[in-house]
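Residue numbers (my numbering): 11 to 121.
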């Protein structure tokens, strides 16, 4: 596994599910959710009625429910993980388990 921590952000400006972009670095050829907090999050990659905006709103909801004075300035922590070129392909279940392990290990902001 090759992890890459992205710079912390104040809100979910970029969608957590990236659309396929042929020819780009680390392109996605089947973007969809493999894990969520309740196993019931909308998945725009597999459900045409689901939207990226729905996911963004759900992810921001806990912070938006706080009083403005209590909200952290930067509450979005984004970690990309990928296989090395020589690694085997992982199943959705294995990627989901990897996501749960990364969250359980804790969040560390390098800034």
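Backbone N, C-alpha and C define an ideal beta-carbon position, used for all residues, glycine too.
TODO: Can you grab the Cα-Cα spacing for the pair residue 42 / residue 83, in whole Å?
DONE: Along the chain shown, read from residue 1 onward, the residue named residue 42 stands at position 32. Along the chain shown, read from residue 1 onward, the residue named residue 83 stands at position 73. Distance between the alpha carbons of residue 42 and residue 83: 29 angstroms.
Task: Buried/exposed call for residue 69, threshold 16 Cβ in 10 Å - done: By one-based count along the chain shown, residue 69 stands at place 59. Classification for residue 69: buried.
Task: Spatial distance of residue 95 from residue 63 (CA atoms) - done: Start at 1 with the first residue of the chain shown, and residue 95 comes out as number 85. Start at 1 with the first residue of the chain shown, and residue 63 comes out as number 53. Those two C-alpha atoms are separated by around 32 angstroms.
Open item on the list: Suppose you measure from the CA of residue 99 to the CA of residue 80; what does that come to, to the nearest Å?
Closed with: Taking the chain shown and counting its residues from 1, one reaches residue 99 at position 89. Taking the chain shown and counting its residues from 1, one reaches residue 80 at position 70. The alpha-carbon atoms of residue 99 and residue 80 are separated by roughly 42 angstroms.
Task: Beta-carbon contacts of residue 111 that lie in its chain and below 6 angstroms, excluding the five residues immediately before and after - done: As a first step, residue 111 is located in the chain shown; it is residue number 101 there, counting from the start. Closer than 6 angstroms at the Cβ level, and outside the excluded window around residue 111, lies no residue.
Open item on the list: Can you tell me where the alpha helix (DSSP H) holding residue 110 begins and where it ends?
Closed with: Taking the first residue of the chain shown as position 1, residue 110 is located at position 100. Here the alpha helix (DSSP H) through residue 110 covers 102-115.
Task: Rounded C-alpha distance that separates residue 85 from residue 74 - done: As a position in the chain shown, residue 85 is number 75, starting the count at 1. As a position in the chain shown, residue 74 is number 64, starting the count at 1. Roughly 10 angstroms between the two C-alpha positions.
- [ ] Can you tell me which of the three DSSP states residue 68 falls into?
- [x] Position 58 of the chain shown, counted from the start, is the residue given in the question as residue 68. Helix.
Open item on the list: When you compare the CB positions of residue 45 and residue 106, do they come within less than 7 angstroms of one another, or not?
Closed with: Locating residue 45 in the chain shown gives position 35, counting from the first residue. Locating residue 106 in the chain shown gives position 96, counting from the first residue. Contact flag set, yes.
Task: Residue burial classification, residue 52 (beta-carbon count within 10 angstroms, cutoff 16) - done: Position 42 of the chain shown, counted from the first residue, corresponds to residue 52. Buried.
Open item on the list: Does residue 44 come out as helix, strand or coil in the three-state DSSP assignment?
Closed with: By 1-based counting over the chain shown, the position of residue 44 is 34. Residue 44: coil per DSSP, three-state reduction.
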